[in-house]
């Protein structure tokens, strides 16, 4: 799944119209349809019930409509923070992660990050509960959080 495909999906889902979403996104209707088909293929399921020109969300489509904006917000925050880092506005970043992430793929990513941005001090905090990580993020003690837990019931501002 690509973030842009998710953005296209969210517009189609909001309007329940490929044509209206295409207008909002300044794309052609066939381009919107192609993005949705590619997203459905990557997820291995249909996101819309298609009845002629009328569409409705499938159960998975409804889930993605509810969960997708949090992913978009996270992507926007990541881009903003990376821009700040590139501009030298950030000299320290605090990352929080669940234990499985800290023991899994995160060390390699942090190693690469530190090689590329040696002037940025990266601090890591381990959390056994996603609720604790979420609290630290919302209180501003952690800049970026990673978890392999289901975030369906976690609100991200």
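In this note's numbering, the protein residues as written are 105 to 261.
For each residue, glycine too, the CB sits at the ideal point set by N, CA and C.
Since the model is a prediction, treat every value here as computed from it, not as a measurement.
Three or more Cβ pairs drawn from the region 180-200 and the region 224-239 lie within less than 8 Å of each other, which places the two stretches in contact. At a Cβ-Cβ threshold of 7 Å, residue 110 and residue 172 count as neighbours. Taking a C-beta distance under 7 Å as the contact criterion, residue 128 and residue 112 do not qualify as a contact pair. With respect to the 7 Å criterion, residue 247 and residue 204 are not classified as neighbours on the basis of their beta carbons. DSSP places residue 137 in the uninterrupted alpha helix (DSSP H) bounded by 133-147. The C-alpha of residue 126 lies about 11 Å from the C-alpha of residue 138. Residue range 152-155 is occupied by the beta strand (DSSP E) that includes residue 155, with no alpha helix (DSSP H) assigned at that position. Rounded to whole angstroms, the separation of the alpha carbons of residue 106 and residue 146 is 9 Å. Ranked by Cα distance from residue 140, the first of 165, 158, 155 is 165.
Secondary structure in the region 149-203: the beta strand (DSSP E) runs of 3 residues or longer, each lying completely within the stretch, are 152-155, 158-161, 196-202 in chain order.
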